[in-house]
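Under our numbering, think of the first position of the first sequence as 382, with each following residue one higher.
A virtual CB, placed ideally from N, CA and C, is assigned to each residue, including glycine.
Reviewing the structure listed below.
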Amino acid sequence: MRMTSLLVQTLRDDPAEAELVSHKLLLRAGYVRRVGPGVYSWLPLGLAVLRRVEDIIREEMTSIGAQEVLLPAMIPREIFERSGRWADYGDALFRLKDRRGVDYLLGPTHEELFTLMVKGECSSYKDFPLSLFQIQTKFRDEARPRAGVLRGREFLMKDSYSFDVDDDGLERSYRAHRDAYERIFRRLGLDYRIVSAVSGAMGGSASEEFIAPADGGEDTFVACSNCDYAANAEAVELAVVMSSDVDHPPSVVIDTPDTPTISTLVERLASLGFDRTFSAADTLKNVVVKTRPPGTDSWSLLVVGVPGDREVDMKRLGAQLEPTEVAPAEGADLEAVRGLVRGYIGPQLLAALGVRYLVDPLVTEGSSWVTGANEPGRHAIDVVRGRDFRPDGEIGAVEVRDGDRCVRCGGLLRIARGIELGHVFQLGRKYARAFGLDVTGPDGRPLTVTMGSYGIGVSRAVAAIAEQTADSSGLRWPPSVAPADVHLVVTGKGDEPYERAEALAAQLQELGLRVLFDDRVGPSAGVKFADSELLGIPVVVIAGRGLAQGTIEVRERWSGTRTDVALGEASRRIAEIVAGRPAVSGAVSG
RNA sequence: CGGGCGGUGGCGCAGUUUGGUAGCGCACCAGACUGGGGGUCUGGGGGUCGCGGGUUCAAGUCCCGCCCGCCCGACCA
């Protein structure tokens, strides 16, 4: 590649649209360009990186025996009707009509088509296990695309699906994918965490996310500072402190006028002259939500009890109730149930009112609370779980906080932001049932296949790598994904440096290295150096000033090391550095 | 969907308050100088000022309507 003919234009200023470093740099370095909201073009250098990421993924997928296929992005409505996703997916699904008015969609993922493909091709248990994958453009009409290629409405994804005839097989396929993902992200040079994505209630290892820690990321996860427990914020489980077996005084109802919120209540309690003090953490807040099971139209109320100093995390709640829908209840929903007094709801009456009541595990059996008395302006103190009320069950609903305790070891949990790189998930038989994916078992009877679903955001991975590795002067690609091995820069006047560099470029290519040759005559040395740092190719070779002494300079972008190398052995030495075996003899560092 | 900000050459922005020949920097083209950290000078090309309507002798600027984008939130395998 020669800079004089390469389609690349670096920008000195940050484009106004970009906020994140990866977004700014990918634009400034001329790797990608925005075409519309959440829609990007890849220019030659960007595409080179994208393809290298793809190749690594492809290699590792193939190494676990997965076979590559390519399914259409455009899918007839009927197929998504059968899985229910035409209705369930909502506004995030791109829908279109053909000239006859028949509905189509652009695939957001491909469970349906893979299931159908296997159903069409396989009919015996002997055809399994089977893993298939594709690397293909996906479409999701995100409400708010952001951060460039990190979260587009059109993006490149590797999705794979495993098919097994029994649960052990699924476990093995899942494991193989998980291991392959670890190799992939390591080879991509990414720092990543494996994080539980679904609560323990659904089964331990059924779903895990690979997250690249990054402050600019949009996913929140929690990691223990002491052990290796880590979880997505909505799947986290918290350690609970069991309450001691003390005898609580009997519950008493007191007047607390004008205290519809926790803060007004705490203030009022302080003014009532008790011989003990109450904080928000001593109150039991009962939040009313409504739920709707899938495929039904009617909402029913659910009350969730959490300590008063905590907020309810609707995402976390929703993740655990899935596939049932959850939404905050509105005034009218409350009024529909006689006896529910807004601001003064207590659990004592809920069973009698026929309203389902769940508490966060932090509200332990035997713990004592200040809570609503179900009458306007009145609260009850010393209300004890197990004595004064019995919830219908527990659900982790509380918003996790930095410093909460780890379920596994009791260590401090830390909250961090990250980029979701991939997801491995034991899907089970949902789609196999929906599409009748049955095969003949060893006993001659039909057997329903069980599936796993595994995704990696390929274009997103490019942005994540940029985000994690860039420094203040530009991109800094790991050698495994860099668009070239060597960036050769010529500086100086006259033809000689150019001729020398030309010859060196040829030698390097001879050795199998991919060379980006900055053969531009106009720009000054400073411009070329700045560009080389912006573009981020790992090894920069400078043919210029040193030529008079018969040397060229080799700079390593990652470490910042600068070494002068004799022209005669330049190509050999450069090849060694690229291969990661820099020779020591005769090196002049500076 | 709610809140905030914005739309002026390819990119980054000023000009709108107070209506009067569309400007600056980067990039681009030509020439000269310079030649190891985004260098200097001279000369050039490139703009339906988001769209539609209105007021006015005259609208980037004032009025009305609409569209689009960015950021935060809601939402999101």
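Could you tell me the boundaries of the beta strand (DSSP E) in which residue i lies?
i	result
residue 496	From DSSP, residue 496 is part of no beta strand (DSSP E) but of the alpha helix (DSSP H) over 492-502.
residue 443	Looking at the DSSP string, residue 443 is not in any beta strand (DSSP E); the run it does join, the alpha helix (DSSP H), is 425-444.
residue 629	Segment: none, residue 629 is in no beta strand (DSSP E) and carries neither H nor E.
residue 476	475-478
residue 457	455-457
residue 507	Neither: residue 507 is in no beta strand (DSSP E) and is coded neither H nor E.
residue 535	535-545
residue 869	867-871
Could you compute how far the alpha carbon of residue i sits from the alpha carbon of residue j?
i	j	result
residue 621	residue 528	38 Å
residue 641	residue 455	52 Å
residue 804	residue 590	4 Å
residue 386	residue 913	16 Å
residue 521	residue 444	30 Å
residue 524	residue 788	35 Å
residue 581	residue 402	No answer about residue 581 holds up, because its pLDDT of 41 lies below 50 and its placement is not dependable.
residue 552	residue 565	20 Å
residue 532	residue 526	6 Å
residue 406	residue 934	25 Å
residue 666	residue 487	44 Å
residue 864	residue 679	55 Å
residue 631	residue 652	22 Å
residue 596	residue 840	19 Å
residue 723	residue 604	37 Å
residue 584	residue 578	Only weak support is given to the placement of residue 584: the predicted model assigns it a pLDDT of 43, under 50, and the question is left unresolved by the model.
residue 852	residue 867	19 Å
By alpha-carbon positions, which one of the options ends up nearest to residue i?
i	options	result
residue 592	614, 518, 856	614
residue 806	747, 556, 926, 797	556
residue 507	545, 399, 569	545
residue 785	619, 573, 448, 474	619
residue 869	850, 925, 875	925
residue 483	460, 500, 491, 492	460
residue 895	429, 396, 902, 389	429
residue 813	742, 498, 404, 874	498
residue 1014	822, 816, 677	Lying before the first or after the last residue shown, residue 1014 is absent from the chain, which here runs from 382 to 971.
residue 558	660, 438, 670	438
residue 761	795, 774, 726	726
residue 830	505, 646, 606	505
residue 435	388, 562, 888, 572	562
residue 781	446, 473, 433, 616	616
residue 733	772, 749, 634	772
residue 798	792, 599, 855	599
residue 628	765, 834, 413	765
residue 775	701, 634, 828	701
residue 778	694, 796, 469, 601	694
Which residues bound the alpha helix (DSSP H) around residue i?
i	result
residue 622	From DSSP, residue 622 is part of no alpha helix (DSSP H); its letter is neither H nor E.
residue 699	695-702
residue 812	811-815
residue 603	Counting along the chain, residue 603 falls outside any alpha helix (DSSP H), though it belongs to the beta strand (DSSP E) covering 600-605.
residue 407	402-409
residue 614	No alpha helix (DSSP H) contains residue 614, which DSSP labels as neither H nor E.
residue 468	466-469
Classify residue i as helix, strand or coil using the three-state DSSP reduction.
i	result
residue 565	helix
residue 646	helix
residue 419	coil
residue 829	strand
residue 841	helix
residue 572	coil
residue 512	strand
residue 878	helix
residue 848	helix
residue 887	helix
residue 610	coil
residue 593	strand
residue 587	coil
residue 412	coil
residue 708	strand
residue 959	helix
residue 462	helix
residue 484	strand
residue 529	helix
residue 552	helix
* Asked: Fully enclosed by the segment 895-957, which beta strand (DSSP E) runs are 3 residues long or longer?
  -> 896-899, 920-924, 932-937, 943-947
* To do: List in chain order: all unbroken beta strand (DSSP E) runs of 3+ residues lying wholly within the segment 660-687.
  => 665-673
* **Whole runs of the beta strand (DSSP E) within the segment 721-800, excluding any shorter than 3 residues** => 737-740, 749-756, 759-765
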